[in-house]
Amino acid sequence: MLLLLIIIYLAFISLGLPDAVLGSAWPVMRHDLNASLAFAGAIALVVSAGTVISSLLSTQIIHRFGPGKVVAISVLMTALALLGFTFATEAWMIVLLAIPLGLGAGSVDAALNNFVALHYQSKHMNYLHSFWGVGATAGPLIMAMFLSQQAGWRDGYASLSYIQFALVAVLFLSLPLWQRVKHTDQSDDNADASPVSNRQALSIKGVKLQLLMFCAYCSLEAGTGLWAASYLTVEKGIAATDAAFWTAMYFLGITGGRFMCGFIADHFKGETLIRAGLLTILVGVIALLLPLPATMAQVGLILIGFGCAPIYPNTIHLTPQRFGKQASQAVIGLSMACAYVGTTLLPPLMGATMTTFSFALFPLLLLSFCMIMLVTTERLNRGANQEAASLSTATEQL
Numbered sequence: 001m002l003l004l005l006i007i008i009y010l011a012f013i014s015l016g017l018p019d020a021v022l023g024s025a026w027p028v029m030r031h032d033l034n035a036s037l038a039f040a041g042a043i044a045l046v047v048s049a050g051t052v053i054s055s056l057l058s059t060q061i062i063h064r065f066g067p068g069k070v071v072a073i074s075v076l077m078t079a080l081a082l083l084g085f086t087f088a089t090e091a092w093m094i095v096l097l098a099i100p101l102g103l104g105a106g107s108v109d110a111a112l113n114n115f116v117a118l119h120y121q122s123k124h125m126n127y128l129h130s131f132w133g134v135g136a137t138a139g140p141l142i143m144a145m146f147l148s149q150q151a152g153w154r155d156g157y158a159s160l161s162y163i164q165f166a167l168v169a170v171l172f173l174s175l176p177l178w179q180r181v182k183h184t185d186q187s188d189d190n191a192d193a194s195p196v197s198n199r200q201a202l203s204i205k206g207v208k209l210q211l212l213m214f215c216a217y218c219s220l221e222a223g224t225g226l227w228a229a230s231y232l233t234v235e236k237g238i239a240a241t242d243a244a245f246w247t248a249m250y251f252l253g254i255t256g257g258r259f260m261c262g263f264i265a266d267h268f269k270g271e272t273l274i275r276a277g278l279l280t281i282l283v284g285v286i287a288l289l290l291p292l293p294a295t296m297a298q299v300g301l302i303l304i305g306f307g308c309a310p311i312y313p314n315t316i317h318l319t320p321q322r323f324g325k326q327a328s329q330a331v332i333g334l335s336m337a338c339a340y341v342g343t344t345l346l347p348p349l350m351g352a353t354m355t356t357f358s359f360a361l362f363p364l365l366l367l368s369f370c371m372i373m374l375v376t377t378e379r380l381n382r383g384a385n386q387e388a389a390s391l392s393t394a395t396e397q398l
């Protein structure tokens, strides 16, 4: 189990590797591809669409082939797509390659999240998502090493693809380990039963609350990352370079916070960590909202990052407990899809709203997302507690 867990960590690093690379490389790439600066948005949209689609299809695919094969083949798809980037001569080629890149990412995300939720403790889920942050940070750094060289972005993408191909080899060699877990873990006794469909999952009480929570969370996380620097510059008078630094600190808060949650997850319930995270976000948003010195806005941004840390991984880890192990893959697949919808659609809408009216709306928009998360998570907690109480009463009567 430990060896497989290490491989899963490596897979989540690989999941994060390509995520922030396009933004880093595009200012150079677009000249070679005869494309506009804004065209990167179209590529990102195709990647996100593929991720949403594969997340929605993940339940049937994983049931048929098993999580091990799905993860291995999905990483192979991303490796081939990244390698294809190195040979692209026109922007439309990048768009085509963005399709397998997105499809592969969604399947990996859904498969690994459900597998860890079923078979490992909550601390490992927190570590898992912090390792995604390691990959998301390493990707642009690797690209930066090559950008100053001739045809550097092509060599950068080639290097990333080689890393992915190496992981593909490891994943295919590890397939017996996935099978061993399946046969030895009693939670998989019903593994051959028909999987719960997306429609059936949507009918389960509380699932729609979780989907709304994920959409709001990812809207807040991505929206903060995209617009925090602009808000600090426009509304707080902070220099652009300093604003960029504090945005980086926000992302570091998420990654570092997840490592910290991994250390303390054995001592606190997942619900407690989520509630603490939401209250921390609320304090951070208030620090942005009130007419306080610019230093408090910077502190508020870091608090929002730390507050974000426990919400995503612990909500995922609670999914089998809240909705049943048989339904967890479908619920997690739907949750991933709604998360990517929030990441893709809401931040641009936030930008359009603030550009039309005022960047002073930024903390108010974050506050609205935070309140949605507070309401939905507390209702999910109350529903889970009521079900546990009902089961306890039924057991006593027997």
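Residues in the sequence shown are numbered consecutively from 1, following UniProt numbering. Note that beta-carbon positions come from the ideal geometry of N, C-alpha and C, so glycine has one too.
**OP:** Find out if the Cβ-Cβ distance for the pair Ser174, Gly68 is shorter than 8 Å.
**Re:** Yes, the pair counts as a contact, with Cβ atoms nearer than the cut-off.
Subject >> Minimum C-alpha distance to Tyr217 - residue among Ala309, Lys123, Gln164 >> reply: The shortest CA-to-CA distance from Tyr217 to any of Ala309, Lys123, Gln164 is the one to Ala309.
Original post:
With 16 as the cutoff for other CB atoms within 10 Å, does Tyr231 come out buried or exposed?
Top reply: buried
**OP:** Work out the CA separation of Phe369 and Leu278 for me, nearest whole Å.
**Re:** 10 Å
Subject >> N-terminal and C-terminal residue of the alpha helix (DSSP H) that Ser358 is part of >> reply: Boundaries for Ser358: no alpha helix (DSSP H) harbours it, and the DSSP string shows neither H nor E there.
**OP:** Count the C-beta pairs between the stretch 344-352 and the stretch 243-257 that are closer than 8 Å, then say yes if the count reaches three, no if not.
**Re:** Judged by Cβ distances under 8 Å, the stretch 344-352 makes no contact with the stretch 243-257, as fewer than three pairs qualify.
Original post:
Leu82: beta carbon under 7 Å from a heavy atom of the ligand FAD?
Top reply: The model on display carries no ligand, and the ligand FAD is accordingly not part of it.
Original post:
Is it right to say Pro195 is buried, meaning 16 or more other beta carbons lie within 10 angstroms of its own, or is it exposed?
Top reply: buried
Subject >> CA-to-CA distance, Phe268 to Ala20, given in whole angstroms >> reply: 32 Å
**OP:** Output the distance between the C-alpha atoms of Ala229 and Val375, rounded to the nearest integer angstrom.
**Re:** 28 Å
Subject >> Bounding residues of the alpha helix (DSSP H) (the contiguous stretch that carries Asp32) >> reply: 21-33
Subject >> Neighbourhood of Ala327 by C-beta distance below 7 Å, restricted to the same chain and skipping five residues each side >> reply: Val196, Ala201, Ile204
**OP:** Pull up the distance between the alpha-carbon of Ile94 and that of Ser122, whole angstroms please.
**Re:** Taking the CA atoms as reference points, Ile94 sits about 38 Å from Ser122.
Subject >> For Val196, the three-state DSSP class (helix, strand or coil) >> reply: Residue state, collapsed to three classes: coil.
Subject >> Cβ pair count under 8 Å reaching 3, the stretch 207-221 against the stretch 39-49 >> reply: no
Original post:
In or out: Thr355 buried (at least 16 other Cβ within 10 Å) or exposed?
Top reply: exposed
**OP:** Report all residues from its chain with a CB closer than 6 Å to the CB of Leu4; omit the five preceding and five following residues, and keep chain order.
**Re:** Same-chain partners within the cutoff: Leu177.
Subject >> Residue from Ala240, Ala169, Met213, Pro348 with nearest C-alpha to Ile311 >> reply: Of the listed residues, the one whose Cα sits closest to Ile311 is Met213.
**OP:** Taking only the alpha-carbon atoms, compute the straight-line gap between Leu226 and Ala158 and give it to the nearest angstrom.
**Re:** C-alpha separation (whole angstroms): 27 Å.
Subject >> Boundaries of the alpha helix (DSSP H) in which Ser36 is found, first to last residue >> reply: First-last for Ser36: undefined, no H or E at that position.
Original post:
At what residue ranges does the stretch 104-168 contain a whole run of the alpha helix (DSSP H), taking only runs of 4 or more?
Top reply: 122-147
**OP:** Flag this pair as yes or no: are the beta carbons of Leu361 and Thr353 separated by less than 8 Å?
**Re:** Judged by their CB atoms, Leu361 and Thr353 are nearer to each other than the 8 Å cut-off.
Original post:
Do Thr233 and Ala248 have their C-beta atoms within less than 8 Å of each other?
Top reply: no
Subject >> Cα-Cα separation, Ile163 to Leu82 >> reply: 10 Å
Original post:
Quick one: Cα of Leu128 to Cα of Val71, how far?
Top reply: 15 Å
Subject >> Nearest-angstrom Cα separation, counted from Ile302 out to Trp246 >> reply: 8 Å
Subject >> Between the CA atoms of Ile8 and Gln186 - distance to the nearest angstrom >> reply: Residue placement at Gln186 cannot be trusted, given a pLDDT of 49 that sits under 50; the coordinates are not used to answer.
Original post:
In three-state terms, what does DSSP make of Glu90?
Top reply: coil
Subject >> Within 8 Å, strictly: CB atoms of Thr51 and Ala330 >> reply: The answer is no: Cβ separation not under 8 Å.
Subject >> Straight-line gap, residue 409 to Met296 (C-alpha atoms, nearest Å) >> reply: With the chain represented from 1 up to 398, any question about residue 409 goes unanswered, as that position is not in the structure.
Subject >> Reduced DSSP secondary structure (H/G/I, E/B, other) of His317 >> reply: helix
Subject >> Asp266 in three-state terms, based on DSSP >> reply: coil
Subject >> Asn114 burial status per 10 Å Cβ neighbour count (16 or more: buried) >> reply: buried
Subject >> Residue burial classification, His119 (beta-carbon count within 10 angstroms, cutoff 16) >> reply: buried
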